[in-house]
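Q: Mind looking over this structure? Questions follow.
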Amino acid sequence: MRLLLEKRAERSRRMIFLSPLIAVGLTLVTGAIIFALLDLNPLRALFVYFIEPLTNSWSIEQLIVKATPLALIGAGLAISFRANVWNIGAEGQLTAGAVLGGLVPVFFPQWQSPLAFLFMILLGVLGGMAWAAIPAALKNRFNANEILTSLMLVYVAQLILDWLVRGPWRDPQGYNFPKTVSFSGWQLLPQFKLLPDSIGPIYINLGAILAVAAALSLAFLMARTLKGFEIRVMGNSPRAGRFSGFSRARTVWFCFLLAGGLAGLAGICEVMSTVGQLQPSISPGYGFTAIIVAFLGRLNPVGALVAALALAISYLGGEGAQVALGVSDKIARVFQGILLFYILACDTLILYRVKLLTNQSAEASAA
Amino acid sequence: MSELLSIILTIVTASTPLLLAAIGELVVERSGVLNLGVEGMMAVGAVCGFGAALATGSPLIGILAAIGAGMVLSLLFGFLTLTLVANQVATGLALTLLGLGVAGLIGVSFVGQPGLKLAQLDIYGLAAIPFLGPIIFGQDVLVYVSLALTAIVAYALFHTKLGLIIRAVGDSHQSAHALGYGVIPVRYACVLFGGACAGLAGGYLSLAYTPQWIENMTAGRGWIALALVVFASWLPWRVAIGAYLFGTVMILGFSLQGQGIGIPSQLLSALPYIVTIIALVVISGNRALMRANTPACLGQPFVPDR
Amino acid sequence: MVKVKRNYLLEALHMVKVFGELHANDGITLRIKPGEIHALLGENGAGKSTLVKMIYGALQPTSGEFLWQGAPISIASPAFARKLGIAMVFQHFSLFETLTVAENIALALPGRFNLAKLSEKIALVSKEYGLPLVPKAVVADLSVGERQRIEIVRCLLQEPRLLIMDEPTAVLTPQEADQLFAVLTRLAKEGRAVLYISHRLEEVKRLCHTATILRHGKVVANVDPAKETAASLAKLMVGGDIHVVGTQRKQRAGTARLQLRNLNLPADGPFVVELKNISLDVKAGEVVAIAGVAGNGQSEMFDAISGERSLAHNDMICIDGEPCGRSSVNERRNLGAAFVPEERLGHGAVPAFKLSENIVLTRHSSDPSLVRSGLLQKNGASGVSDRVIKAFDVRKGKPDPEARALSGGNLQKFVVGRELDRIPGVLVINQPTWGVDAGAAATIRQAIIDLARQGTAVLAISQDLDEIFEIASRIAVLSRGQLSETYAAGEISLEQIGLLMAGAHEVEEVRHAASA
C-alpha cells in the first residue's frame, strides 16, 4: 500500500472551499474518539462542547467577546503568512499594546474624556507595532529568523507585564494583588446593543466592530489593490516580486507592523473590556490561537473572521465541558492543535490528487 | 566555594536538555527538514516521562516513555511534511501547539505530585574528589549521554557514509533522488531521531532537572534549542558549546535573583530569551557563514522530479 | 582494439511507452554496437529522454524487449542497469555543492566507503583520460566543465560498457567540447559504446558513427551522419523545412539607446561572479548578443541592467541617455526598458498566478490601464493578456489559466510577448529560447528581430551559438565577468568565439590540474 501524490495542473477550486470543512469534520470525529476514550458519551460531549455555546444569548455574547481578538489578530496574521512573513509573536505584541495603552489609566486615571479613550486605543496599536518592529528590523538588517525572534519577545513581553503589575504599576489600594487600578469611564470600551431585548439582548463592544471593519478592509486590500498584489507575489515567488519592483524589506515591515498593530489593538481592547485592568495574565493565548484562525480562514481576512467564531466555540466549549462533563478545559487546546493538523493535511488536496495504491494497481501502472 | 560548585553543577543540568534537543534537531535540519515542533515534543516528553515514572516507580521507564512520546509526535510531523508535503513551518507550529495542549491535558492530574529523580552516578567512586569530582564523575547518566550523543553525531555526520547521505539529502534532494537514495526514508529516520532527542530532553526536565510536573515547564527551551542549531552553524560541537553558554546565562540569571541586586527578577528571567535573540542576530548577520553552512534544502518540500 | 562487428551490445526492440493518452515511444527499435558512438537525434518531445530513461532503468516500458549481447533482459532499475554496465551522464548534474569531488563520487558508487582509496582512484582515472580533477575540491568552487568531469569520472570508475551522454556540450566552450570528443573517441576505441544525445548537428557529424532520428515517438531514420549535411539531418528531425529566421544584418543602426560604461559589480556572495569594467553600446535597430557559457556572469549582468542589483554610480547605465545605474527596476521600465529573465517560472512569471495577473507583474508601474490610484484594474489586465496571447499564438487550455499550466514554449512566448507588447525602447533578454520547442523558438526569434527593425535596441544574452548567429548583428563574449570587444556577426568565427569564451577560464583549470 502506498500513498501517491499526483500534482494537479492547477489548484483545485473545489478543494479550496472543501478542505477547511473536511478538516473541521475530521476534528469532530477525532474529538468524539477522544471523548469516548475518556469514558464519556461522545455525542453528548460533542453537543456540550460545540452546540451548547450557541444556544443562549449570554454565551453568544461570550462567543463574540472571545472571537474579537482572534479575528483582529487572525486577519493581520493571514496577510503576514500570505507573504511568507512568519510572525509568531502576536501574543507578545498583544501584551505590548496592552502595556503601552495601560499607561493612561495607570498614570492618569482621572483623565476621563473621549480623547483619553482615543489615546489609549492609539497607544495600544503603537505598542503592538513597536514590539513587532523589533523582529522586522532584525530580519531586514541581520536576516535573523523572525519566527524565533518574535517568539522570544513573547516571553520578554509577558515578563515585563508581570514585573509592572507586581511592582511599579501595582494598585496601592489593591490589597497587594498583582494588578493595576481597575479602568473606568472613558477608559473602558463602549458597549452596543446588537440584538434588542426581545430576541436577546446581545451586547457587543467596540472591539467587535473594529474586527469586522478590519476584516473587510483587509480583504479589499488583498483582492483589489497593488499592495495586496505585492503581498501575494512576495509570498509566492520572492524573485518574481523583486523583478516586479517590490522590496522584501518593505514587505516584511508592512506585514509586521500591520499584524503587530492589530495585535496591540486586540490587547488594548481586551484590557479595556473583558479584563478591565492590567494583570499578569491578560490573554488565554489568543496570539497563538490566532495562528490557527489564520490557517482555518485560508489566509483570508474574512475567512479569519468566520474561523475566529469557530475557534471561539472551542474556548467556550472547553469551559462548558469543564462544568458539565468534568473534563479539564485544557482539552480546548488539544482540539485546536488537532484542527490545525487536519487543516494542513487537507490542504494537500488542493495542490495534489491523493491516490492510495494497492500492490496490484501499482504493478498495473508500472507495466 | 561550595556555592560555585553548586552553580556549576546546576549549569550542567540546565544545559543538558538544551543540548539533547538541539543535537537531535541538528540532524533533522542537516537532512533538509525544519521541525519547529521541538517545544511541543519536549512538553509531551516531559509529561509522559513523569507519568510513566510515577506509575511504574522507575525513572528509567520514564525516560523510555519520554523518548517514545517524542517519537510519536515527530512521526505525525513526518507524515504531514514528508508524505503529504505540507508546509513545514506551519506543521511545526501545529506540532508545538498540539504538544503543549496534550501535555497540559495529560498533566492535569500530575500537578503537585512529587516526582522521581534520576540518580546521580558515581563513576568509579571518583566523585569523591573535591570540586572536580562531582562535576566530571558525579552527574546523572543523561549528562554523559548528551555528550556521547554529540560525539557520535559529530563522527557519523562527517566520517561515515550514512552521514554523507544525510548531508547530501539536505544539500540537494533532487540530486540525491537521482542517484537512487531514498530521500523520504532518510528524512523520516532523521525526524524520528530528532523526536527521540526532544522527548528525551523533556524527560530530563521532569525527571532530573526539576523532578515534578509544572505546566509550561519547558518555558521556551525548545525554541532556544532551535536557535542554538542556527547559532552553531549546524556543527555538532558548536551546539554543545552553545548549549552550555545558554545554560550559564540561565543559571546566572537565577543566581543573581537571589542576590538582592536591584534588577527585578522578571528581567533576570528574561535574560535567556534576550541572549537568544542577540546570539541569533550575531550569527545570522554573518552572511558568508550562513550561506556556507545552511543546508540548501532546509524547509523545502520534496516532490521527485518526473 | 576490439573488433566485434557481429554482435550488438544493446538492442531495444519495438519499445512502447504510454503515459495516459500520450505515446511517448511508439515502437522504437535501436541497436548499438560495441565501440560505436551512436547519436540519438530529435526535437524536444520526440521521445529521446523517455527512451533513454528506459535504457537506464528509471522507467519501465509498456511493451518491447531489451537484448543485452543477444540475451533478453529486463532493466528493472538504475542499480540493475549499472550492474550491466550502463552508465549515464545527465544534462542536469546530480551534484552536491557543499561536498567535495571525492564525496560526490562516493555517493554514486556502491560498496564500501573509503574516501582515501577513492581519492587515489579518482586522481588516477582522471589523469589517464585527460579529465583533471582535484578530489578534495568543493564542487561549489568548480566551473561547469569541471563539474561535468566529475559526472564522467563517476561513470568511468564503474567500468561502463555503454555510456549515455545527454546534451553534454550544452554547457561547454568549443575547446572543452573538443576535449570531450577526444575522451569519447578513446572510450569507443576501447570497445565501449556511447549513446550520444544531442541536437547539435555539426557535432554529431564530427563525432558519431551512426545516428538514429526520432520524431513524435517513432524512428524516422537511421543514417550515417558523415554522409548527411546538417540541413538534411535537421529536415529529418523536424519533418520539413524549418522557418528560416529573416536576418537583419544589413540594418543601419541608430543612436545608442542602452549604454554601459565601466560597469562594475562586486560579488555579494561566494558563488557570485564579479562584473569588471563592462562597457557596451546597444544602438537603436540592432541586436547585440552576449555569448558565453553558463556561470560567467550572465545572471549578474542581467540583474545589474534590470536594476535588481544597484550599481555604485548612476551613470554606469544609461537608457536613452538617462543615467539610471542606481534606479529601481520600475524606474528603468518607465524610461522605456523591458526585461525578460532566464527563468520564466518563479522569476519572469509567478507560477500560481493567472496569465492576466502575470501581466500586472512587470507592467503595473509603466501601464496606467493596469493600476489606478493603487487599485488593480482587472479588465485592463485581461485586455492586455488577451492581446498578447493572440499576437504570439500562446496555446493554453482555459481562457485564463495559471502560468504553470502552460508548456515551456508557450509560457516563454507569453513572457516575451508581454514585454514586446509595450514596444519598449530597450529590450534586455536572457536566454530567449532555453528549453523551448523549435516552433516557439522561431516565433520568439523572429519577434525579436522585428522589434529591432522598429527601432528598439535589443541586448540578448544567450548560451546558444546557433541562436546568436541567427539573430545578432553584433556579438560580444562574456567570460569570468568580463566582456570582450564586440564584433560584427559576419566577422567572427565559431573558433574565435570559443577562444574568447575560454579566456581566463582555462588558466584556472590548468591550475587545478597542476595541483591534482
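Residue numbers (the working numbering), protein chains in the order written: chain A, 1 to 367; chain B, 368 to 673; chain C, 674 to 1189. For each residue, glycine too, the CB sits at the ideal point set by N, CA and C.
Which same chain residues end up closer than 6 Å to A:F35 when comparing Cβ atoms and leaving out the 5 residues on each side of it in sequence?
A: For A:F35, where only same-chain residues beyond five positions count, the Cβ hits under 6 Å are P42, A45.
Q: Which ranges does the alpha helix (DSSP H) cover as unbroken runs of at least 4 residues, wholly within the region 537-612 of chain B, from first to last along the chain?
A: 540-545, 550-571, 588-598, all fully within the region 537-612 of chain B.
Q: Using the Cα positions of C:H765 and B:A637, report the straight-line distance between them to the nearest angstrom.
A: Spanning the two alpha carbons is a distance of roughly 50 Å.
Q: Helix, strand or coil: which one does DSSP assign to C:E824?
A: Residue state, collapsed to three classes: helix.
Q: I want to know whether the region 58-71 of chain A touches the region 115-125 of chain A - three or more CB-CB distances under 8 Å.
A: Segments in contact, no.
Q: Less than 8 Å between CB atoms is the rule here; does C:T735 satisfy it with respect to chain B?
A: Not closer than 8 Å to any Cβ of chain B, the Cβ of C:T735 fails to qualify, so no.
Q: Quick one: is A:N145 buried, meaning 16 or more other Cβ sit within 10 Å of its Cβ, or exposed?
A: Label assigned to A:N145: buried.
Q: State the start and end residues of the unbroken beta strand (DSSP E) segment that holds C:Q932.
A: Start and end: 929-938.
Q: Flag this pair as yes or no: are the beta carbons of C:D742 and C:L682 separated by less than 8 Å?
A: Checking the sequence, you will find Gln at residue 742 of chain C rather than Asp. Yes, Cβ-Cβ distance for C:Q742 and C:L682 is below 8 Å.
Q: Quick one: which unbroken alpha helix (DSSP H) runs of 4-plus residues sit fully inside the region 841-887 of chain C? Chain order, please.
A: Within the region 841-887 of chain C, the complete alpha helix (DSSP H) runs of at least 4 residues are 847-862, 874-880.
Q: What are the complete alpha helix (DSSP H) segments, minimum 4 residues, inside the region 440-483 of chain B?
A: With a minimum length of 4 residues, the continuous alpha helix (DSSP H) runs that stay inside the region 440-483 of chain B are 455-473.
Q: Based on the DSSP output, what are the partners of C:V1057 in its beta bridges?
A: Paired residues: none, contrary to the question.
Q: Please decide whether B:R534 counts as near chain C, where near means a Cβ-Cβ distance under 8 Å.
A: By this cut-off, B:R534 is an interface position.
Q: If contact means a Cβ-Cβ distance below 7 Å, which residues of the region 770-797 of chain C contact chain B?
A: Listed in sequence order: E770, T771, L772, E776, A779, L780, A781, F786.
Q: DSSP puts A:K193 in a beta bridge; with which residues?
A: Answer is A:Y203.
Q: Between C:S1145 and the rest of its own chain, which residues show a CB-CB distance below 8 Å, the 5 nearest in sequence each way excluded?
A: According to the sequence as given, residue 1145 of chain C is Ala; it is not Ser. Same-chain partners within the cutoff: V960, V961, A962, A1133, A1162.
Q: Report the CB separation of C:A1084 from C:P847 in whole angstroms; it is logged as a contact under 8 Å.
A: What sits at residue 1084 of chain C in the sequence shown is Leu, not Ala. Rounded, the Cβ-Cβ distance is 31 Å, inconsistent with contact.
Q: So, does the CB of C:F753 fall closer than 8 Å to a CB anywhere in chain A?
A: Cβ-Cβ to chain A under 8 Å: no for C:F753.
Q: With distances taken between CB atoms, is the gap from C:L853 to C:L860 smaller than 8 Å?
A: No, the pair does not count as a contact, with Cβ atoms beyond the cut-off.
Q: Would you check if the distance between the CB atom of B:I390 and the CB atom of B:C564 is smaller than 8 Å?
A: Result yes, Cβ atoms of B:I390 and B:C564 sit closer than 8 Å.
Q: In angstroms with no decimal places, state the Cα-to-Cα distance between C:A1076 and A:G31.
A: Approximately 41 Å, taken between the alpha carbons.
Q: Using CA atoms only, rank isn't needed, just tell me which of C:E694, C:I710, C:P707, C:G715 is closest to C:I701.
A: The option with the nearest alpha carbon to C:I701 is C:G715.
Q: Cβ of A:G92 within 8 Å of Cβ of A:V156?
A: Yes, Cβ-Cβ distance for A:G92 and A:V156 is below 8 Å.
Q: With a threshold of 16 other CB atoms inside 10 Å of the CB of B:Y640, please say whether the residue is buried or exposed.
A: Answer is buried; the Cβ neighbour count reaches 16.
Q: Given this structure, state the Cα-to-Cα distance separating A:S198 from A:Q191, to the nearest angstrom.
A: So the two alpha carbons sit approximately 18 Å from each other.
Q: Quick one: Cα of C:L1156 to Cα of C:E1015, how far?
A: Taking the straight line from one Cα to the other gives about 19 Å.
Q: Cβ closer than 7 Å: which chain C residues qualify as neighbours of A:K139?
A: Going along chain C, no residue has its Cβ under 7 Å from A:K139, so there is no contact; the nearest lies around 18 Å.
Q: Skipping 5 residues on each side, what residues in its chain have a beta carbon closer than 7 Å to that of A:I350?
A: Correct list, in chain order: R11, S12, M15, I16, S19.
Q: Using the rule of at least 16 other Cβ atoms within 10 Å of the residue's Cβ for burial, across every protein chain shown, is C:V1131 buried or exposed?
A: The residue in question, C:V1131, is buried, as its Cβ has 16 or more Cβ neighbours within 10 Å.
Q: Alpha carbon to alpha carbon, what distance is there between C:E776 and C:H872?
A: Each residue's Cα considered, the two are about 32 Å apart.
Q: Alpha carbon to alpha carbon, how far is A:A98 from A:K179?
A: Approximately 13 Å between the Cα atoms of the pair.
Q: By alpha-carbon positions, which one of B:A646, B:Y511, B:G407, B:A388 ends up nearest to B:N583?
A: Checking every option, the nearest Cα to that of B:N583 belongs to B:G407.
Q: Kindly give me the distance between the Cβ atoms of B:A457 and B:T585, rounded to whole angstroms, as I take these residues to be in contact under 8 Å.
A: Not confirmed; about 21 Å, so no contact.
Q: Would you mind working out which of C:G1081, C:I1032, C:V1109 sits nearest C:R1060, comparing C-alpha positions?
A: Measuring from the Cα of C:R1060, the nearest candidate turns out to be C:I1032.
Q: With distances taken Cα to Cα, identify the nearest neighbour of A:V323 among A:L28, A:E52, A:G267, A:V29.
A: The option with the nearest alpha carbon to A:V323 is A:E52.
Q: Taking the alpha helix (DSSP H) that B:H526 belongs to, which residues open and close that run?
A: B:H526 -> alpha helix (DSSP H) spans 508-526.
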